[in-house]
Amino acid sequence: MTQYLRVGYSRDESWRMFSLRKDFVPSTKLQREDDITASITIPAEDLDESFLHPDVRFPAYKFATNCEYRLFQRPDDAIHRGYDKQAELDFSKGENFFSNYEPKTREEGEAIVSDSIRFEKFTTPLKKMLTKFVKAKSGPGYVVSSAHPRIVDGKPSENPRYLQNRPDLENPRSEYLGELGSRLYRRIDEGRPVYNPVHAVLPGRRNNAGDPVKGIRALAVFGPLHYQELPELFMDFIASLTGKSPSTTGAGSEGALTKGPFNALLPVVDLNAALLSYLMTGYEGFSSAAGYIGPKYRVDHDISLLVPEVWSRMFLHERCPKWLIEHGFLEEMSDFDEGGETIHGSRLGYRITSRFVKVFFGRIFAEPASVFVEDMLRPELQDHDQFVDGIKNITETQQKVATSYFEDGGIDLAIPPLKALLHIMAHGEYEGKTIQDPEIRGLFDREKVLASDWYQERLEAKKDLRLRMMRDHIVCLEEFLHKQNYALEAERLELSTRLEETKVSLAGFEANSEVYIKRITGSIGVEPSFYRE
23 MTQYLRVGYS RDESWRMFSL RKDFVPSTKL QREDDITASI TIPAEDLDES
73 FLHPDVRFPA YKFATNCEYR LFQRPDDAIH RGYDKQAELD FSKGENFFSN
123 YEPKTREEGE AIVSDSIRFE KFTTPLKKML TKFVKAKSGP GYVVSSAHPR
173 IVDGKPSENP RYLQNRPDLE NPRSEYLGEL GSRLYRRIDE GRPVYNPVHA
223 VLPGRRNNAG DPVKGIRALA VFGPLHYQEL PELFMDFIAS LTGKSPSTTG
273 AGSEGALTKG PFNALLPVVD LNAALLSYLM TGYEGFSSAA GYIGPKYRVD
323 HDISLLVPEV WSRMFLHERC PKWLIEHGFL EEMSDFDEGG ETIHGSRLGY
373 RITSRFVKVF FGRIFAEPAS VFVEDMLRPE LQDHDQFVDG IKNITETQQK
423 VATSYFEDGG IDLAIPPLKA LLHIMAHGEY EGKTIQDPEI RGLFDREKVL
473 ASDWYQERLE AKKDLRLRMM RDHIVCLEEF LHKQNYALEA ERLELSTRLE
523 ETKVSLAGFE ANSEVYIKRI TGSIGVEPSF YRE
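Take 23 as the starting number for the sequence shown in the working numbering and just add one per residue.
Dropping the structure here:
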């Protein structure tokens with residue numbers, strides 16, 4: 023038997039189908055986080071690394087946990103009956119929340135069920151649910167099908183949504199087996215924790231072809247997979263540039279940090295923390311293309327979903343950008359001249375080569391070279407003018423977004439590496455130097471950051487915050503103990519003992535604060551202007 027996988031669409035909207043290797047077995051993936059995630063960066067010295075994967079070592083680790091019970095999913099492919107099995111299973115259950123789906127009456131439901139040939143394409147759970155609805159004499163008067171988004175202006179909505187219960191909560195067996203497998207591989211005794219920090223950073227980047235009629239510029243300059251060093255990667259993160267998305271009004275800067283209601287702080291505060299987390303951990307960023315690769319190839323999310331399959335089949339040393347560059351798997355993008363104007367192609371970082379496709383995608387596909395042809399790896403071969411305009415679109419948007427940090431005063435709070443980036447994005451240089459100058463690149467050196475005065479200030483602010491917290495605890499405990507009406511409750515909670523223990527802890531902390539500073543070196547600290555007393 024031969025299995026096939028869709029990787030995008032042809033110009034006539036037909037599916038590009040490719041055969042998988044005979045020995046291919048898809049990896050088991052368990053989504054644990056989505057839009058709202060809390061994270062912490064912990065120095066390696068503050069962890070017992072025997073609890074970690076024995077072959078994964080970073081100077082610091084980021085741990086993330088979800089803050090949501092449900093994920094706001096947009097199942098684009100569910101419109102094809104039987105294709106998105108998970109979505110159809112979710113739709114077959116009760117207590118769902120749907121957005122932009124067409125409510126079907128019982129009569130309309132009967133028409134769906136009676137269309138035997140197309141109805142049989144649905145998976146069994148959805149067929150059972152629709153059949154049960156049609157046969158019911160009472161109960162809900164409407165039903166929702168995954169293949170029937172709401173009709174807007176005569177055509178299906180491009181933004182259908184539903185709330186999906188978190189897969190790790192819906193499928194505790196997979197969660198348990200994942201932890202148990204890690205425990206056995208690492209030889210961790212029962213009862214001891216299994217740490218699973220971030221190992222790889224693989225964001226997807228939405229791209230689009232140009233649309234002169236709607237006034238949307240091209241943003242399809244990226245190949246299937248790009249690696250960017252930290253300065254270029256954070257230029258992208260700062261701009262949050264996205265192509266035309268069904269979820270938004272158009273192309274432009276998008277993301278929670280760009281929306282005021284999501285964040286009462288100046289955006290630069292979170293950017294400082296995010297950049298420091300990368301500097302401390304040493305994580306590298308590889309971005310996959312979603313939407314389009316050049317104006318010719320529409321790929322939607324097919325490649326973004328494929329990249330984890332590739333990464334799970336790579337040895338750990340093969341994921342190292344330096345190793346990939348040295349062995350010809352990544353090629354560097356460079357600035358170039360176009361009509362006397364410098365086009366900043368270097369901001370795209372490094373893109374994968376045909377050698378990368380042959381070796382690493384060859385672990386999935388029978389003929390990987392036919393999946394990613396030459397003009398997919400080099401989008402400028404499809405349309406040079408759109409390629410040039412796409413890069414200009416990126417640099418101009420980066421300039422526009424960076425300028426806002428000067429207007430809102432955020433530039434004054436930016437840590438030195440971020441301040442240099444914002445100046446270069448907005449004005450093209452920082453203190454007479456460009457992004458290519460060694461002095462600017464040196465600002466992103468971990469050892470130099472650790473030795474800097476501004477980083478030590480963040481650690482001192484963290485220490486001061488902890489001191490203030492302990493002192494506040496003492497004040498609160500004393501105030502509660504002085505309330506006569508709560509004497510019995512105070513006795514039950516042993517607050518007198520807790521108060522003395524807290525005072526002892528405070529005295530010990532004050533006497534050994536330098537030990538604490540050393541312990542948290544490698545973390546992100548806190549913003550001094552907010553937390554210093």
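Every residue gets a Cβ at the ideal spot worked out from N, C-alpha and C, and that includes glycine.
C-alpha of R514 to C-alpha of G530: approximately 27 Å in a straight line. In the structure shown, D322 adopts extended strand secondary structure according to DSSP, grouped into three states. Secondary structure within the region 70-143: the beta strand (DSSP E) runs of 3 or more consecutive residues, fully enclosed, are 82-88, 92-95 (chain order).
Here DSSP, grouped into helix, strand and coil, assigns R335 to coil. Cβ-Cβ separation between S326 and G245: approximately 13 Å, too far for a contact (criterion under 8 Å). Taking a contact as a CB-CB distance under 8 Å, the pair G544 and P81 counts as one, their CB atoms being some 6 Å apart.
Annotation note: the region 457-497 contains the following uninterrupted alpha helix (DSSP H) runs of length 4 or greater, listed N- to C-terminal: 460-464, 468-473. For D411, the closest of G367, V393, V423 by C-alpha to C-alpha distance is G367. Per the C-alpha coordinates, the member of D434, R385, H445, F387 positioned closest to P550 is D434. Taken atom to atom, the span from the alpha-carbon of E124 to that of K484 is near 52 Å.
About 10 Å separates the CB atoms of K84 and T59; that is not less than 8 Å, and the two are not in contact.
For A442 against T425, the beta-carbon gap comes to about 15 Å, at or over 8 Å, which does not count as contact. Per the C-alpha coordinates, the member of E389, S334, K414, V332 positioned closest to D359 is K414.
Scanning its chain for C-beta atoms nearer than 8 Å, with the 5 sequence neighbours on each side dropped, one finds around R214 the residues F73, in chain order.
When beta bridges are read from the DSSP output, H449 appears opposite no residue. If you draw a straight line from the Cα of L444 to the Cα of V423, it is about 9 Å long.
Secondary structure note for R38: it is in no alpha helix (DSSP H), and the uninterrupted beta strand (DSSP E) holding it is 37-41.
Counting only residues of its own chain and dropping the five nearest sequence neighbours on each side, E402 has a CB closer than 6 Å to the CB of F409.
The beta carbon of V526 sits closer than 7 Å to none of the beta carbons in its chain outside the five residues before and after it. When the five nearest sequence neighbours on each side are left out, the beta carbons in the same chain lying within less than 6 Å of the beta carbon of P178 are those of P171, in order along the chain. For the pair Y91 and N118, the Cα-to-Cα distance works out to about 13 Å. Using a 10 angstroms sphere on the CB of F155, the tally of other CB atoms reaches 16 or more, which defines it as buried. With a beta-carbon spacing of about 21 Å, V243 and E306 fall beyond the 8 Å limit used to define contacts. The DSSP-derived three-state label of H366 is coil.
When the Cα atoms are used, D494 and N534 turn out to be separated by approximately 19 Å.
DSSP links Q404 through a beta bridge to no other residue. In this structure, the alpha-carbon of E71 lies about 36 Å from that of A261. Membership of N187 in the beta strand (DSSP E) is indicated by the continuous run 183-187. Linking P289 to A512 through their CA atoms gives a straight-line distance of about 43 Å. With the rule of 3 Cβ pairs closer than 8 Å, the region 39-49 does not count as touching the region 184-197. The beta carbon of S299 is closer than 7 Å to those of T63, K84, I546 in its chain, skipping five residues each way along the sequence. Measuring C-alpha to C-alpha distances from E130 to each of G361, G116, G163, P194 identifies G163 as the nearest. In this structure, the CA atom of G203 is about 22 Å from the CA atom of H339.
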